[in-house]
Ligand SMILES: [Zn+2]
């Protein structure tokens, strides 16, 4: 069994067959799915999906690229939503220098708020980091730590991974781990302590290698199995061993069951 620790099940891409997608994940051995918000509206949708499907849990927050357009009311609503019983983490939050949708100081302000809300509610937080590894590490260092959280869809260097591990964070790998060109990422994955490993899809984005080759355009939680197999190979473990480890880690970090 595996847990997909990061998916966007609310996205339009799943409108035609959301229930079937959740069922296919179960059939593939994916026992739980964490669906995550990027705005107030999508965070509300995440909670609604978690309430609809027993195997789905919600993560609520305002993703850095949407921080500038979020109103004070939006943030207040996130604080309320975060107290819902099926909300297991806060996010996605973090910093993004790749897109230019929100000034970095606004992103940083929201990042701090998410971390503090997570700490207040004794929940982990989920970090989105794009072209901003050094900024994320330095901001977290100023906030203290060690933290209960995860670097989602990790694609940084071994050095960044070490700094994040020192901050107490887990490292989650997505379909990017399976891409041919990402040999360096697999070498980094091989070095992560086993009790800090997680897997995710980031569905409907980041279709893993095999499905991409088969011309599948939309990622979905059942495909997390391919990333789990790739991670097992990188770590020199059997798929079953890796699945057991990642699932135990996800349950511990997110307080599932
Ligand atoms: Zn995401």
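Numbering (our numbering), first residue to last: 16 to 272. Backbone N, C-alpha and C define an ideal beta-carbon position, used for all residues, glycine too. None of the values given here were measured: they were computed from a predicted structure.
With a 10 Å radius around its C-beta and 16 neighbouring C-beta atoms as the bar for buried, classify residue i as buried or exposed.
i, result
"residue 231", "exposed"
"residue 168", "buried"
"residue 137", "exposed"
"residue 25", "buried"
"residue 66", "exposed"
"residue 198", "exposed"
"residue 88", "exposed"
"residue 81", "buried"
Indicate, with yes or no, if ligand 1 has a heavy atom lying under 8 Å from the CB of residue i.
i, result
"residue 111", "no"
"residue 235", "no"
"residue 51", "yes"
"residue 58", "no"
"residue 81", "no"
"residue 210", "no"
"residue 256", "no"
"residue 27", "no"
"residue 146", "no"
"residue 124", "no"
Quick one: residues in its chain with C-beta nearer than 6 Å to the C-beta of residue i, no 5 flanking neighbours on either side, listed in chain order?
i, result
"residue 99", "62"
"residue 233", "28 and 219"
Does DSSP put residue i in a helix, a strand or coil?
i, result
"residue 203", "helix"
"residue 116", "coil"
"residue 58", "helix"
"residue 260", "helix"
Using a Cβ-Cβ cutoff of less than 8 Å, which residues in the same chain neighbour residue i once the five nearest sequence positions on both sides are dropped?
i, result
"residue 256", "247"
"residue 156", "182"
If you drop the 5 nearest sequence neighbours on each side, which residues of the same chain put their C-beta closer than 7 Å to that of residue i?
i, result
"residue 109", "79, 126, 142, 143, 144 and 151"
"residue 270", "103"
Notebook entry, point to check: What are the start and end residues of each continuous beta strand (DSSP E) run of 3 or more residues lying completely inside the stretch 190 to 258, in chain order?
Noted result: Runs of the beta strand (DSSP E) lying entirely within the stretch 190 to 258, each at least 3 residues long, are 212 to 214 in chain order.
Margin query: Threshold first: 4 residues or longer. Then list the alpha helix (DSSP H) segments lying entirely within the stretch 129 to 185, N to C.
Written below: Within the stretch 129 to 185, the complete alpha helix (DSSP H) runs of at least 4 residues are 148 to 158 and 173 to 181.
Notebook entry, point to check: If you scan the stretch 62 to 129 from start to end, which runs of the beta strand (DSSP E) of 3 or more residues do you find wholly inside it?
Noted result: Counting only runs of 3 or more, we get 71 to 75 and 102 to 111.
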